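Working notes, structure below.
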Amino acid sequence: MNYRHIFHAGNPADVMKHAIMALILDHLRVKPAPFCVLDTHAGIGRYDLTSEAAQKTLEHEDGIARLFGAPAPHPALTPYLEAVAAINPDGVLRAYPGSPRIARAALRPQDRLVLSELHPEDVRTLRREFRDDPQVAVHETDAYVALKAHLPPKEKRGLVLIDPPFEQPDEFARMADGLAAAHRRWPTGVYALWYPIKERAAVWRFQDAVEKTGIRKILLAELTWHPEDTHLRLNGSGLLIVNPPWKLDETARDLLHTLHDALPTSGGGVSVSWLVPEA
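For the sequence shown, the working numbering gives the first residue as 283, with consecutive numbering after it.
Structure below.
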């Protein structure tokens with residue numbers, strides 16, 4: 283309950299996560315049928331990079347600030363960078379869109395966004411952010427309760443983003459269990475689960491737990507910016523994606539290599555692989 287994303291908004295982990303999220307949403311937009319996005323850890327929607335908290339850490343300077351205001355270094359980054367530009371219309375980087383704003387930028391009139399957030403203060407901020415928006419619903423509820431309450435969606439197509447703050451020691455286990463339960467309710471949905479890369483053993487245990495669920499078609503996409511033996515606070519981040527759109531693996535690999543070249547690094551690299559293939 284004490285986590286505040288404002289200290290980390292727009293950092294390399296956000297850039298990686300939101301760039302691939304925007305790419306998935308761009309794929310969903312290809313077909314005219316409506317889709318739904320469920321964001322289980324929604325936060326506040328947008329973050330003021332001029333605030334005292336953001337200025338204290340300046341993490342966005344090693345992230346979105348390296349890309350903002352310049353042509354997209356890869357076409358797949360265009361949907362993401364357009365979403366960032368939309369909330370900075372004067373061309374000066376003052377705000378960063380959280381995942382709710384990334385998702386809202388992708389919605390067409392027939393699409394819908396469902397936001398779940400447990401922190402009372404953040405829920406109030408989130409409701410102000412999307413007040414009078416008929417395509418967005420905000421719920422003050424636990425993320426894993428939201429998976430039960432809102433799946434399957436009436437649209438039958440869409441994306442579920444599970445992006446915890448990892449304050450709880452059992453968060454990896456909760457994510458694996460939550461995904462298994464959600465997939466039983468809605469096996470055709472696209473699921474994107476974000477995870478930090480700090481200790482590789484913890485990531486392996488999480489991936490093993492997901493593999494044992496029997497779910498098929500699971501893609502892993504990772505970007506690291508420090509060698510993993512440095513034991514820094516955050517060496518990189520990953521997305522575990524169930525039912526990824528066609529050829530997302532190829533595009534994500536190119537996109538992440540572009541990000542690794544564009545962002546400051548002391549090592550690390552890119553990995554895109556199938557944890558479980560389709561068949």
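For glycine and all other residues, C-beta sits at the position ideal for the given N, C-alpha and C. Here the structure is a predicted model, which means the values were calculated and not measured.
- Task: From the DSSP output, in three-state form, read off Leu363 for me.
- Result: The residue given as residue 363 occupies position 81 in the sequence shown. Leu363: helix per DSSP, three-state reduction.
- Message: Can you list, in chain order, the residues of its chain with a C-beta nearer than 8 Å to that of Ala425? Leave out the 5 residues immediately preceding and following it.
- Response: The sequence position of residue 425 within the sequence shown is 143, counting from 1. In its chain, beyond the 5 residues on either side, Thr322, His323, Ser398, Leu400, Ile444, Pro446, Gly460 have a beta carbon closer than 8 Å to the beta carbon of Ala425.
- Task: Return the bridge partner residues of Leu320 from the DSSP annotation.
- Result: Here the question's residue 320 lines up with position 38 in the sequence shown. Beta-bridge pairing links Leu320 to Val396, Val442.
- Task: Grab me the residues of Arg376's own chain with a C-beta within less than 8 Å of its C-beta, minus the 5 sequence neighbours each way, in chain order.
- Result: By one-based count along the sequence shown, residue 376 stands at place 94. Within the same chain, Arg376 has close Cβ partners Asp330, Leu331, Thr332, Asn370.
- Message: Tell me the rounded alpha-carbon separation between Gly413 and Ala385.
- Response: Residue numbering aside, residue 413 sits at position 131 when the sequence shown is read from its first letter. Residue numbering aside, residue 385 sits at position 103 when the sequence shown is read from its first letter. Note on residue identity: the sequence assigns Arg, not Gly, to residue 413. Approximately 16 Å, taken between the alpha carbons.
- Item | Ser548 and Glu504 closer than 8 Å at C-beta | Here residue 548 is taken as the residue at index 266 of the sequence shown, counted from 1. Here residue 504 is taken as the residue at index 222 of the sequence shown, counted from 1. Contact flag unset, no.
- Just checking my contact of Leu522 with Leu557 at CB under 8 Å: how many whole Å lie between their CB atoms? Taking the first residue of the sequence shown as 1, we reach residue 522 at position 240. Taking the first residue of the sequence shown as 1, we reach residue 557 at position 275. The Cβ separation is near 7 Å, so the contact holds.
- Message: Assess contact between the segment 471-489 and the segment 351-361, defined as three or more Cβ pairs (one per stretch) separated by less than 8 Å. Is contact present?
- Response: no
- Please classify Gln337: is it buried, with 16 or more other beta-carbons within 10 angstroms of its beta-carbon, or exposed? Within the sequence shown, numbered from 1, the residue matching residue 337 stands at position 55. The C-beta of Gln337 has fewer than 16 other C-beta atoms within 10 Å across all chains shown, which makes the residue exposed.
- Report the three-state DSSP secondary structure of Ile326 (helix, strand or coil). Mapped onto the sequence shown, residue 326 falls at position 44. DSSP places Ile326 outside both helix and strand once states are collapsed to three, so it counts as coil.
- Rounded separation between Asn284 and Phe448 - CA only: By one-based count along the sequence shown, residue 284 stands at place 2. By one-based count along the sequence shown, residue 448 stands at place 166. At Asn284 the pLDDT is 48, less than 50, meaning the model places this residue with poor confidence; the figure from the coordinates comes in the next sentence. Answer to the nearest angstrom: the Cα atoms are 11 Å apart.
- Task: Could you say if the segment 488-496 and the segment 285-305 meet the contact criterion of at least three C-beta pairs nearer than 8 Å?
- Result: No, because fewer than three Cβ pairs between the segment 488-496 and the segment 285-305 fall closer than 8 Å, the two stretches do not touch.
- First through last residue of the alpha helix (DSSP H) which encompasses Trp556: Taking the first residue of the sequence shown as position 1, residue 556 is located at position 274. Element bounds for Trp556: not the alpha helix (DSSP H) but the beta strand (DSSP E), 551-558.
- Could you tell me if Lys313 is buried or exposed, where buried requires 16 or more neighbouring beta carbons within 10 angstroms of its beta carbon? The residue you call residue 313 lines up with position 31 of the sequence shown. Its Cβ having fewer than 16 others within 10 Å, Lys313 is exposed.
- Query: In chain order, what residues of the same chain have a beta carbon less than 7 Å from the beta carbon of Ala544, not counting five sequence neighbours either side?
  - Reply: Position 262 of the sequence shown, counted from the first residue, corresponds to residue 544. Around Ala544: Arg348, Leu349, Pro355.
- Item | Contiguous beta strand (DSSP E) assignments of at least 3 residues, all confined to the segment 426-476 | 440-444
- Query: Are the CB atoms of Val396 and Val319 nearer to each other than 8 Å?
  - Reply: For this step, residue 396 is matched to residue 114 along the sequence shown. For this step, residue 319 is matched to residue 37 along the sequence shown. Yes; because the gap between Cβ atoms is below 8 Å, this pair is in contact.
- With which residues is Glu481 paired in a DSSP beta bridge? Translated into positions along the sequence shown, residue 481 becomes position 199. None, per the DSSP bridge assignment.
- Message: I'd like to confirm the pairing. Which residues does DSSP put opposite Pro379 in its beta bridges?
- Response: Residue numbering aside, residue 379 sits at position 97 when the sequence shown is read from its first letter. Bridge partners of Pro379 according to DSSP: Arg328.
- Message: Considering Cα atoms alone, identify which of Met298, Gln450, Leu516, Pro434 is closest to Pro469.
- Response: Locating residue 469 in the sequence shown gives position 187, counting from the first residue. Here the closest residue by C-alpha is Pro434.
- Ends of the beta strand (DSSP E) at Leu545? Taking the sequence shown and counting its residues from 1, one reaches residue 545 at position 263. Leu545 -> no beta strand (DSSP E), and no H or E assigned at all.
- Task: Determine the contact status of Pro546 and Val472, defining contact as a CB-CB distance below 8 Å.
- Result: Locating residue 546 in the sequence shown gives position 264, counting from the first residue. Locating residue 472 in the sequence shown gives position 190, counting from the first residue. The answer is no: Cβ separation not under 8 Å.
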